[in-house]
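According to our numbering, the residues represented by the sequence shown are 43 to 372, in order. All C-beta atoms in this analysis are idealised placements derived from N, C-alpha and C, irrespective of residue type, glycine included. These figures come from a predicted structure and were not determined experimentally.
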Amino acid sequence: MTKSERVNSVKYAGAIIALLIGSGFATGQEVIQYFTSYGWQGILAVILMFILMTYVTYEFMMTGSREKFRSGNDIYYYYAGPVIGKFYDYFSAFFLFLSFIVMIAGAGATLNQHFGLPKEAGGILLGILAVLSCITGIKKIVDIIGGIGPIIVITALLLGIITVFSNPEGLRNADEAVKNANLLKASPNWILSALSYVGFCMLWLAAFVSQMGKKAESKKEASAGAVLGSLLFSLAVFIVYLGLLSSVPEIAGSQIPNLILAGKIHPVLPLLFAVMIFLGIYTTAVPLLWSVVSRFSDEGTPRFRNLTIILGAIGIIIGILVKFDYIINV
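Below you can see the structure in the form of structure tokens.
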């Protein structure tokens, strides 16, 4: 690959990571419910998730590069035909908007737990930033979140690694701690949990990643970006999973468990990590909102701008009224 292709592939990988991070991963709440709550079987869930996520991301990116869809939602009709494709078209818009609401709730819970601010403050701030960024268009969005995503993943990796090495005893007693903690679970077993995780990520990724593939200058940079993004994100999930697994008694019942891990390392770290979590939520909220709005209007039009503002306001109102861990579990 040329230097330009390498740079672009890293940017695409960063955008994929940034989209997947969200409030669930950045706070640790998602990792607990989908992986840590199954004890050591969570490793199998991570491996299955990585295999499926890599395939899905690669397929969406390459299909977008090859087919050059006019709209990201055209990918549903490409795979499922006119009838089932239409169902997924509308269902995905509905699901992505619900996911945007989860981001609002996560932002409110983060600023509330660390800074003691009303959860309305974090939700409103995130909503305003997401609306303003969404209006700028997909190219600008990729430029912004593509640079933030890798930084957050590196921070999460360091947090997990330090937590594991500072508390090896926690891992030795992990299964017993998980049994006694009564953690929320995403599914009855680890296989369904991994499938469920990739399932909702597919709906997040489909339209946005296919449009990135459309704008890629070559298939090499598109494929490399897809595989690298999935690999780094899965690695981050695994490390954070281990960190949380080693500290189950401390993080059980917490809305933002990663802040608990950061506080165990150094008193100053929760401040830094609270900012990182908020940025992680932002990098997911923006493409989620963009994907919904772009389904019903063309980017750059007055209709696109007005719909962004309306849906952003609705998301803020609902997001600040619902408890964060509950809405993730739903």
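Look at GLY202 and ILE281 and say whether their C-beta atoms are less than 8 Å apart.
-> yes
Return the chain-ordered list of same chain residues with a C-beta closer than 6 Å to the C-beta of LEU311, the five sequence neighbours on each side being excluded.
-> ALA304
Would you please state the rounded distance, in angstroms, between the beta carbons of VAL269 and ALA223? I believe it to be under 8 Å.
-> In fact, because the Cβ distance is near 35 Å, the residues do not count as touching under 8 Å.
What is the residue span of the alpha helix (DSSP H) that MET26 lies within?
-> One cannot answer for residue 26 here, as it falls past the ends of the chain, which runs 43 to 372.
Which residue from ILE193, ALA236, VAL98 puts its Cα closest to that of GLY321?
-> Per the sequence shown, the amino acid found at residue 321 is Leu instead of Gly. The shortest Cα separation from LEU321 among ILE193, ALA236, VAL98 belongs to ILE193.
Sub-8 Å separation of VAL251 and PHE139 beta-carbons = no
Pick from THR99, LEU330, ALA60 that is closest to GLY191, judged by C-alpha positions | ALA60
Considering only residues of the region 74–133, which uninterrupted beta strand (DSSP E) runs meet the minimum length of 3 residues and lie entirely inside it, listed in chain order?
-> none
Does the beta-carbon distance from PHE366 to ALA68 come in below 8 Å?
-> no
Excluding sequence positions up to five away, which residues of its chain have a Cβ less than 6 Å from the Cβ of ALA249?
-> GLY114, ASN115, SER333
Assign THR343 to one of three DSSP states: helix, strand, or coil.
-> coil
Report the rounded CA-to-CA distance for ALA355 versus LYS257, giving the unit in angstroms.
-> 30 Å
Mark SER79 as exposed unless 16 or more other C-beta atoms lie within 10 angstroms of its C-beta, in which case mark it buried.
-> buried
What's the gap between the Cα of GLY150 and the Cα of MET43?
-> 43 Å
Over the uninterrupted alpha helix (DSSP H) stretch that includes THR197, give me the two end residues.
-> 180–208
SER272 (DSSP reduced to helix, strand or coil) = helix
Stretch-stretch touch, CB-based, cutoff 8 Å, three pairs: the region 321–330 with the region 204–212 | no
Once you ignore the five residues that flank LYS261 on each side, which residues in its own chain have a CB closer than 7 Å to its CB?
-> MET104, SER107
Kindly indicate the opening and closing residues of the alpha helix (DSSP H) around PHE336.
-> Looking at the sequence shown, residue 336 is not Phe but Ser. Here the alpha helix (DSSP H) through SER336 covers 311–338.
Whole-angstrom Cβ separation of ILE81 and TYR283, contact assumed at under 8 Å?
-> As written in the sequence, residue 81 is Gly, which differs from the Ile given in the question. With a Cβ gap of about 11 Å, GLY81 and TYR283 do not count as contacting.
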